[in-house]
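Taking this note's numbering, I'd label the letters of the sequence shown as residues 10 to 106.
Even glycine gets a Cβ: it sits at the ideal position worked out from N, Cα and C.
Worksheet: the structure to be examined is printed underneath.
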Amino acid sequence: MKTVMAEIRPEVEYPQQDETIISPHYTFRIGAPAGAESVDVSIDQGPWLACRNAAGFWWYDWSSYDDGEHEIIARTRGHGGRWLVSTPHEFMVATTA
Numbered sequence: 010m011k012t013v014m015a016e017i018r019p020e021v022e023y024p025q026q027d028e029t030i031i032s033p034h035y036t037f038r039i040g041a042p043a044g045a046e047s048v049d050v051s052i053d054q055g056p057w058l059a060c061r062n063a064a065g066f067w068w069y070d071w072s073s074y075d076d077g078e079h080e081i082i083a084r085t086r087g088h089g090g091r092w093l094v095s096t097p098h099e100f101m102v103a104t105t106a
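Printed below as a string of structure tokens:
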């Protein structure tokens with residue numbers, strides 16, 4: 010029997026919307042439907058970056074970023090290879106005083 014992945018879009022869970030990151034290193038947590046084979050993120054409309062799967066979530070380790078406003082979106086493949094994209098998620102970085 011073939012397993013079919015539900016058409017559920019991925020969701021950026023951390024950082025939360027409008028959260029401020031104060032650490033020079035951060036790990037994004039992405040929720041995706043069970044059965045997702047890959048998840049990618051794009052930060053500030055940059056290239057798609059592959060996430061790693063662990064503990065039921067998808068993760069992306071981020072460092073060497075600038076202070077200020079940022080945006081992240083996530084994607085995974087749905088039925089027939091169609092990309093499912095999350096809602097844009099905005100957050101702040103403030104690592105310097």
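What is the DSSP secondary structure of residue 65, reduced to helix, strand or coil? coil
If you check the beta carbons only, do residue 27 and residue 99 fall under 8 Å apart? yes
How about residue 81 and residue 52: are their beta carbons less than 8 Å apart? yes
Please classify residue 91: is it buried, with 16 or more other beta-carbons within 10 angstroms of its beta-carbon, or exposed? exposed
Can you give me the C-alpha to C-alpha distance between residue 21 and residue 88, rounded to a whole angstrom? 21 Å
Determine, using beta carbons only, whether residue 70 and residue 102 come nearer to each other than 8 Å. no
Return the Cβ separation of residue 85 and residue 45 in integer angstroms, given the expectation that the two are a contact with Cβ distance under 8 Å. 5 Å
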